Amino acid sequence: HAKKTPRAGIEMYSESMGEQGQSRLRLEADLRRAIERDELSLHYQPQVDTRSGSVAGVEALLRWEHPEEGMIPPGDFIRLAEEIGVIDQLGDWVLVQACQQVQAFNRAGLKLQKVAINISALQFGTEFVARVNQVIRQFGIAPEQLELALTEGIMTSNDEETVEALRALKDTGVYLSVDDFGTGYSPLTYLSQYPLDEIKIAREFLLDSGRSEAGAKLIVAIIAMARSLGLRVLVTGVETHAQFKFLTENGAGFLQGYLFSPPVTADELKPMLSPWHFVDQVQRLAESQPP
Ligand code: C2E
């Protein structure tokens, strides 16, 4: 509307702002009710152990099926949930749902090693740690079957409650990982301060490694550093044979991405939990050259 008269321009502008504001308000109200209206679900994406070809775990990813807007991606509503103060309820729903699913798989004799859930910094604290213990017991799952993916912001927060909660987590026995390693502008000292099991290397690093030699060297160095600290390394967003080769040849043990599977429903995941599901694919990828 750049060529409109100023007056009309202002009217258009304020009208569209009004609409935007209204649609956000509506979305807020809808998000508050999404749980009770049963619009949320979890999808699961397998994480493949590149040495054995077995599934080392899955990541639970939240989905919101809005009755009018259709599927809204978490990138579009997690932040909103944090802003309007419903991330606690949402996060708790994810925790319960994921543990319940693990219980169901356990009962069906399917061997799911662990499920990873993403934890928002706003949801993290001593109360959360107590709740994790409670839910694990409620569903009778082994603590090692639950992975909490924490942000670097949580690991480096100095507020007393966070530090206490991180210490307390050690005793719960759950698997702890750092999400999107290296993207949080955080000092690395936390790596030796807390009892971590794994770092997750974000897709951005992976993309950089394909674009420049420096990017490739950086990811190789991160993998080496993590391994020397006794941490597992998982790389997310793996899409190509070339990425597979590069990562496995440089010691990344666990890969997640469209190369193996997109996030799927619990039912769709079932066949992938067979110990042999990815074995042939991994072997073929390891033995052949990318085009
Ligand atoms: P994330 O934890 O880094 O999750 C990985 C994202 O990458 C997922 O997007 C997944 O669908 C996508 N992805 C997986 N493989 C590939 C691939 O090969 N190529 C590409 N291009 N993308 C791939 P999604 O499901 O849209 O989730 C986005 C983010 O939302 C997550 O990033 C996570 O930070 C957040 N999120 C999702 N579920 C939850 C949740 O329950 N709680 C919290 N606090 N955050 C969540």
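Each residue of the sequence shown is one higher than the one before, counting from 759 in my numbering. Where is the CB? At the ideal position from N, CA and C, for every residue including glycine. Small disclaimer: the values here were computed from a predicted structure and weren't measured.
Where residue i sits in the DSSP three-state scheme
| i | result |
| --- | --- |
| THR947 | coil |
| GLN1047 | coil |
| ASN876 | strand |
| GLU823 | strand |
| GLN871 | coil |
| LEU954 | coil |
Alpha-carbon spacing of residue i relative to residue j, whole angstroms
| i | j | result |
| --- | --- | --- |
| TYR933 | LEU908 | 11 angstroms |
| MET770 | SER781 | The predicted model places MET770 with a pLDDT of 47, which falls under 50 and marks its position as unreliable; any figure quoted below should be read in that light. Looking at the two C-alpha atoms, the distance is approximately 16 angstroms. |
| ILE957 | GLU826 | 38 angstroms |
| PHE1012 | VAL991 | 6 angstroms |
| THR884 | GLU918 | 10 angstroms |
| VAL978 | GLY1015 | 19 angstroms |
| VAL890 | PHE1004 | 37 angstroms |
| ILE845 | ALA874 | 17 angstroms |
| ASP955 | ARG985 | 10 angstroms |
| GLN951 | LYS975 | 26 angstroms |
| PRO1048 | PRO1020 | 21 angstroms |
| GLU823 | LEU848 | 14 angstroms |
| ASN1008 | LEU964 | 13 angstroms |
Supposed contact pair residue j and residue i - C-beta distance, whole angstroms, cut 8 angstroms
| i | j | result |
| --- | --- | --- |
| GLY815 | LYS872 | 4 angstroms |
| LEU820 | PRO832 | 5 angstroms |
| ALA856 | ALA818 | 5 angstroms |
| ALA926 | VAL887 | 5 angstroms |
Beta-carbon contacts of residue i that lie in its chain and below 8 angstroms, excluding the five residues immediately before and after
| i | result |
| --- | --- |
| ILE1058 | The displayed coordinates of the chain run from 759 to 1049. Any statement about residue 1058 would go beyond what the structure contains. |
| TRP851 | ILE793 and LEU798 |
| GLU997 | GLY1015, TYR1016 and LEU1017 |
| SER944 | GLU910, GLY911, MET913 and THR914 |
Cβ-heavy atom distance, residue i to the ligand C2E, below 8 angstroms
| i | result |
| --- | --- |
| THR808 | no |
| VAL999 | Checking the displayed sequence, the identity of residue 999 turns out to be His instead of Val. No, the ligand C2E has no heavy atom inside 8 angstroms of this Cβ. |
| GLY940 | no |
| LEU820 | yes |
| LEU848 | yes |
Residue i Cβ short of 8 angstroms to the ligand NAD heavy atom set
| i | result |
| --- | --- |
| PRO804 | This structure does not include the ligand NAD; its bound ligands are the ligand C2E. |
Contact set for residue i: own chain, Cβ-Cβ below 7 angstroms, skip 5 residues either direction
| i | result |
| --- | --- |
| ASP937 | ASN876, ALA907, LEU908, THR909 and LYS958 |
| GLY898 | GLN861 |
| PRO901 | ILE894, THR930, GLY931 and VAL932 |
| ARG961 | THR994 and GLY995 |
| TYR948 | MET913 and THR914 |
| GLY973 | ASP966 and SER967 |
| GLN858 | PHE897 |
Same chain, Cβ closer than 6 angstroms to residue i, five either side skipped, listed in chain order
| i | result |
| --- | --- |
| SER812 | PRO1033 |
| PHE863 | LEU870 |
| THR941 | ALA960 |
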